[in-house]
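Everything on this sheet refers to the single structure shown next.
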Amino acid sequence: MEQAWLLPAIPAGAFVVLALLNGYLPRRGDFIAIGAIAASFVLFFAVAIDLLDQLPGELEHNTSGFDWLTINGIQLLGQTNDFVLRIGFRVDQLTLVMLAVVTFIGLMVQVYSLGYMKGEVRYGWYYAVLSLFLASMLTLVLADNFLLLYIVWEGVGICSFLLIGHYFERRSAAEAAKKAFVTTRLGDVALLIGIILLWREAGTFDMSEIFHMAEAGEFDQGYLTMATLFLFGGAAGKSAQFPFHVWLPDAMEGPTPVSALIHAATMVVAGVYLVARVMPLFEASYDGALYVVLAIGLITTFISAFMGLVMTDIKRVVAYSTLNSLGLMMVALGFGEAGVGAAMLYLFSHAFFKALLFLACGSVIHATEKQEVTALGGLGRKMPITRATFLVGAMAMAGLVPLSGFFAKDEILVAAEHFSYAPFILILATLPITAMYMVRVYLLTFSGEPKDAHAHEHAHESAPLMSWPLVLLAGLAAVAGLVVFEPIGKAIGLESGFLGFVESVLVEEVHAFEFNWPVAILSSLLVGGGLGAGVMIWGGEAAPATAAAARFPAVHRLLLNKFYVDAFYQWAINNVVLGFAKVIAFFDRAVVNDTGVNGSGEVTNGLGFLLKFQQTGKLPNYALAMVLGVAVLAIVGFSVKG
Amino acid sequence: MTVANLVFYLIAALAIVAALGVVTVPNVVHAALFLILSLLAVAGFYILLSNEFLAIVQVLIYAGAVATIIIFGLMLTRGTDLPTVSVGGQWPLALLASGAFGGAVAAAVIDSTWPRDVGEVTLVSINDIGAVLFKDWLLPFEIVSVVLLVALIGAIVISTQEEGEA
Amino acid sequence: METAAEQIPLEHFLFAAGVLFSIGVYGVLSRRNAVLILMSVELMLNAVAVNFVAFAVYTDGALFRGLIFAVFVIIIAAAEVGLALGIILRVFRNRATANVDEVSQLKW
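Protein chains in written order, with numbering that gives the first Met the number 0: chain A, 0 to 641; chain B, 0 to 165; chain C, 0 to 107.
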């Protein structure tokens, strides 16, 4: 485990090689990228075995790293601390789950890209940035101090920007990349403030030290709550929680494998990981902090569920389903320590089925060159593998038993029930809606009559390079949820079930896993009802759907316009930001430029113009000037002396 | 008022009136004549100061040669310059400047305390002047001779009419 | 025998020379004919020489340096007049005018 730093280091090395040399390598060096992530995946197993061997005792030898930069005695707002930038890595249970997800999905996506991105522009650079992203993401989950976390947090943001804007010749892609970056930047500022606030009180960036201090009650509770909420701000930005959710749907401008990797499985869950990681701080703060998390998560999951019902771009629908899932994960975390296990389970299974859904969408797009459901339909016959895997992913997302999504959602519901009834009811309410929109997008794409004959002609099943990852992911999406059961957990090396494994990071005593039948039956009923309703509404000609849209045009418009949140943001930018900019521009033009710069030149010019009249060219004038000068000097001399 | 004082005032009045005439009369030849008068009055000053040699030098060189050459210059530069206005446009300021300067000088004279050798005015004879001039002041004397030579040559060079010039 | 200088205070001579000098300055500044300006300069030089001699007689009796200086002033004045008139003649030949107000090539 001490060599865990190799996991990010190898893809980082691949990035350097690819960024510099991809033009000269055969096949633009994609095999280097794949080899790097494959190596990291293999090393993950080594790390996992090492870690699992040591449990259930105290973990040892799970850290490595060095202090890179040390500045002593920095003063900030009345406190003086040492500033240490440590490149440090630490492996624990939480990290292990994330490592599994990142390396595996990263490998799947890179293999898939061999087929999907073949012949696309900037192929080598694509793999380079993918490698850099994987290196940053792996460092993010391995980081043992907040400063390093922040550095790679920004790193994944940059990679997201670069990859969303991969086809930057397209205006919408460039705009989407900018939007993603700027929106997450707002969150990043909050994160930085939170980190600095913590450093100011704790004197260190090290996570375990800060957690120990928090548990021991050495922080002022109000101060800690403020800092923790700032940290959550960063998590909310990166994980596209309301009100930062606007960047995720637009991020679909990037290539589909990028959406699968970054905006489904890994980067967007960085916020979830962060909140889970700093849960000790949340536990030591006022309860209000967790309520904030809970509320934001609930809002996000609700509005995205409704918006998913009307979107016509299949990638957009899956993006809104990602928002739905992210909101749900935040809700789980909002329950405190009890919800961390459920959130991580959902993260784990969500990575599989969401990546699967995106890659299946990519398969459809690659085959038909179309993304809108208005141009798709009836593809089930021509693309059987894609259809089957998409169905598995959609059902997992909806929470159909016994797929992984079912177990994940159930655990969140169980945690909600223990916590309070209001969130429990609300989450139950989203279940049928989720089921409905997943059925909708499946039916509109794969069943019924083809709406665009030309696209239908083109459709073909994808190459094995693209199909095999789909199958693998489908298999995992189906069974991954079973790790909650202790026998299966023990079979793969976990001490107890998956939940107990994760919770052992935070608590000493881990209670055994019990399957909660009442909740399971309730949720299955709701999911089944949603699925049935979806089939009824959108099956066949989808007549009920169009009828509903005609009967409630205002609601339909509200949903299509994404609750006008984007419009509001644009209005705010136009009027507030640009208005302010106009003031500044006026100041710069009128005061600085015209008065200051040009003005001083004009004054000098004017003075010079006036002074030149002194040069009359006439001798008597000059003589007079001389005599007057002498006279003045004489008078001055006399008055001074006298 | 002793005779010496009276004589001094007369000569001073003469010198000053003549100088005023130089700077004010429109007719340039009249101005030149006034200049000669002023120079002669200054020679009178020298005699009052018991420097006969200098008085003679003044009369010979200044009132004689210099004044004559000035009159020559006046004649040679008479074109259509029939004087109508003799002073330029800046005479108020000139008055101010010269007045200020004069005032400063007067103030300096009044303010300062001058060493006064009563009854110890040394009469300098021409023998003494000659002796000093050719002993202590030999170098300046020679240099001044060279200056005169150079001025002579320079004047010739400057004012020589070349072929084809009007 | 009493010399005149013993009866006349030094300040009288200095005043007289000062007035002469000021008149000469006025003439230099206000006259338009170049030769007249030259004549005013001569006035000034004269006043200067009177000053020197007065000082020599009243304060520097044994060495009478002012006297020698006055001699040199006269000599240099003579040389200068010759040269100056040469220049004026030259200018007059080129421009048919001795009016200094019209020689203003260096005007802005």
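Using N, Cα and C, we set each Cβ at its ideal position, and we do this for glycine too.
Since the structure is predicted, the reported quantities are computational estimates derived from the model, not experimental observations.
Item	Value
Are the C-beta of Ser111/B and some C-beta of chain A separated by less than 8 angstroms?	no
Assess, as a yes-or-no matter, whether the stretch 58-67 of chain B is touched by the stretch 155-162 of chain B under the definition of 3 or more beta carbon pairs within less than 8 angstroms.	no
Since Val83/A is in the beta strand (DSSP E), which residue starts that stretch and which ends it?	Gln78 to Arg89
Since Ala80/C meets chain B, which of its residues come closer than 7 angstroms, beta carbon to beta carbon?	Per the sequence presented here, residue 80/C reads as Val, with Ala not at that position. Within 7 angstroms Cβ-Cβ: Val65, Ile68 and Ile69.
Considering Cα atoms alone, identify which of Met97/A, Leu68/A, His60/A and Arg26/A is closest to Tyr126/A.	Arg26/A
Compute the distance between the beta-carbons of Leu325/A and Gln240/A, then report whether it is under 8 angstroms.	yes
Alpha carbon to alpha carbon, how far is Ile22/C from Asn50/B?	25 angstroms
Please report the straight-line C-alpha distance between Arg315/A and Asn21/A, rounded to a whole angstrom.	32 angstroms
Identify whether Gly64/A lies in helix, strand or coil by the three-state DSSP scheme.	strand
Strictly below 7 angstroms CB to CB, what residues from chain C border Asn4/B?	Gln6 and Ile7
Tell me the rounded alpha-carbon separation between Val128/A and His262/A.	15 angstroms
Could you give the DSSP three-state label for Ala162/C: helix, strand or coil?	Outside the shown range of chain C, which is 0 to 107, sits residue 162/C, and nothing can be said about it.
Look at Ala283/A and Glu214/A and say whether their C-beta atoms are less than 8 angstroms apart.	yes
Starting from the Cα of Gly527/A, find the closest Cα among Gly636/A, Ala454/A and Phe405/A and give me that residue.	Phe405/A
Report yes or no: do three or more beta-carbon pairs, one from the stretch 221-228 of chain A and one from the stretch 535-550 of chain A, lie closer than 8 angstroms?	no
Please state the DSSP three-state secondary structure of Asn560/A.	coil
Looking at C-alpha atoms only, which residue of Ile55/B, Ala18/B, Gly43/B and Ala105/B is the closest neighbour of Leu34/B?	Ala18/B
If you draw a straight line from the C-alpha of Asn80/A to the C-alpha of Ala477/A, how long is it?	50 angstroms
Run the CB neighbour count on Met329/A, radius 10 Å, all protein chains shown included, and call it buried at 16 or more, exposed below.	buried
Could you tell me the alpha carbon to alpha carbon distance between Ile572/A and Ala3/A, rounded to whole angstroms?	44 angstroms
Taking 8 angstroms as the threshold (beta carbon to beta carbon), is Ala18/B in contact with chain A?	no
For His165/A, count the other beta carbons within 10 Å of its own beta carbon; 16 or more makes it buried, fewer makes it exposed. Which is it?	buried
How would you call Phe71/B, buried or exposed, if buried means at least 16 neighbouring beta carbons within 10 angstroms?	exposed
How would you list, in chain order, the residues of chain B whose beta-carbon sits under 7 angstroms from the beta-carbon of Leu623/A?	Gln89, Leu92, Ala93 and Ala96
Could you pull the DSSP bridge partners for Ala142/A from this structure?	Phe88/A
Do Leu378/A and Phe445/A have their CB atoms nearer than 8 angstroms?	yes
Identify the residues that DSSP records as bridge partners of Glu371/A: which are they?	Asp312/A
Which residues in the same chain as Pro468/A place their Cβ atom closer than 7 angstroms to its Cβ, once the five residues preceding and following it in sequence are excluded?	Met107, Val110, Tyr111 and Leu358
Identify, in the order they occur along the chain, each residue of the same chain with its Cβ nearer than 7 angstroms to the Cβ of Val41/B, setting aside the five sequence neighbours on each side.	Ala14 and Gln57
For the stretch 255-272 of chain A and the stretch 584-600 of chain A, state whether three or more C-beta atom pairs, one from each stretch, are separated by less than 8 angstroms.	no
Taking Ala103/B as the query, report the chain A residues whose CB atoms sit under 7 angstroms from its CB, ordered along the chain.	Ala630, Ala633, Ile634 and Phe637
Report the partner residues of Thr69/A according to the DSSP bridge assignment.	Val83/A
Counting pairs of beta carbons, one from the stretch 93-102 of chain C and one from the stretch 23-33 of chain C, are three or more of them closer than 8 angstroms?	yes
Using a Cβ-Cβ cut-off of 8 angstroms, state whether Leu105/C counts as contacting chain B.	no
Smallest Cα separation from Ala397/A: which of Leu6/A, Ile157/A, Ile426/A and His60/A?	Ile426/A
If I measure Cβ to Cβ from Leu13/C and keep anything under 8 angstroms in the same chain, skipping five residues before and after, which residues do I get?	Asn50 and Ala53
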